[in-house]
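Report on the following structure.
In the UniProt record's numbering, the protein residues as written are 1 to 323.
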């Protein structure tokens, strides 16, 4: 019965909007108790770029999947303290490594992050333990020099993609691409900055978001949600739809710059913390001046994302599938 109500709510939201939306992703969480045992350290799975010495990242990361004694993947958390991770240098040299506790993703999987503050000449040893027992193929040994070649390139630091020539196009690196341009698309400056500053301060990043996805699906507010600045007229139209359909949509403009003459009529909404977005079951993603750069962060929550059809795209859009 609850599933039918959710499907009907999505249909009503899309019908009220009058625009085409694609349902991109949904994660369902159930309000069930934490697993109280039966975890098999040897059967657990560990994988990710943080175990590959060739992966060069400011913050390296990998995943742990909890597996039961019968070989079944656990779909609920075995407890936030189920795993301990220890990372040390293979040599006697001192090297500072920041390893926060694994992020419990609530679905039987954990995200492990670590940041090096120096170079490990001989390499690193990564140990993953459950109640003192080695997990999967732990310990993992990371060795090998990293070589980065010299390069020259053009980079566009503005939002708009620039290279529209079909002949003699220049290889310009940009944050955003479009169906009408030929720029080479990088991760956006927000993703780049948050990745470089990861675990250095209190900022949202693609890893920390996964541990702050709000209440379970059944306990989320049964409405769609949007907050953002006035960088595209469709956003103002979304607020009008919200006022006409408050039981379906909660949308507001938090900052005015492009359409200041309409602020009095539309109104200004108070700022809200990003993690609080995930108190709602549905997230509406509408373009700003170009693609809305919050999109990858919304995708990592456990709400259902409704995305506007658009000519603009970020570096990962080609891997998305509607459904």
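For each residue, glycine too, the CB sits at the ideal point set by N, CA and C.
Asked: Relative to the C-alpha of residue 293, which residue among 245, 240, 276, 229 is closest?; Found: 229
Asked: If you run the structure through DSSP and keep just helix, strand and coil, what is residue 82?; Found: coil
Asked: Exposed or buried, residue 155, counting other C-beta atoms within 10 Å across all chains shown (16 or more means buried)?; Found: exposed
Asked: Should residue 222 be flagged as near chain D, meaning a C-beta pair shorter than 8 angstroms?; Found: You won't find chain D in this structure, because it holds only one protein chain.
Asked: Might you give, ordered along the chain, the residues of its own chain that have their beta carbon closer than 6 angstroms to the beta carbon of residue 251, omitting 5 neighbours on each side?; Found: 226, 238, 239, 242
Asked: Would the segment 124 to 137 and the segment 80 to 100 be scored as touching if the rule is three or more Cβ pairs under 8 angstroms?; Found: yes
Asked: Please report the distance separating the alpha-carbon of residue 174 from that of residue 300.; Found: 23 angstroms
Asked: Buried or exposed for residue 32, please, with buried defined as at least 16 other CB atoms from any protein chain shown within 10 angstroms of its CB.; Found: Because residue 32 carries a pLDDT of 35, less than 50, the predicted location of this residue cannot be relied on, and the following value inherits that uncertainty. Result: exposed.
Asked: Considering only C-alpha positions, which residue in the set 94, 221, 177 is nearest to residue 247?; Found: 221
Asked: Determine which residues share a DSSP beta bridge with residue 73 and list them.; Found: 67
Asked: Rank 266, 223, 206, 213 by C-alpha distance to the C-alpha of residue 235 and give the top, closest one.; Found: 266
Asked: Identify every residue that forms a DSSP beta bridge with residue 104.; Found: 110
Asked: Please report how far the alpha carbon of residue 316 lies from the alpha carbon of residue 51, in whole angstroms.; Found: 23 angstroms
Asked: Kindly indicate which three-state DSSP category residue 160 falls into: helix, strand or coil?; Found: coil
Asked: Helix, strand or coil: which one does DSSP assign to residue 221?; Found: strand
Asked: DSSP three-state label for residue 318, please.; Found: helix
Asked: Below 8 angstroms between beta carbons: does that hold for residue 104 and residue 73?; Found: no
Asked: What first and last residue would you give for the alpha helix (DSSP H) that runs through residue 297?; Found: 295 to 299
Asked: Report the partner residues of residue 62 according to the DSSP bridge assignment.; Found: 112
Asked: Touching or not, the segment 303 to 314 and the segment 281 to 291, by the rule of three or more beta carbon pairs under 8 angstroms?; Found: yes
Asked: Considering only C-alpha positions, which residue in the set 249, 254, 207 is nearest to residue 100?; Found: 207
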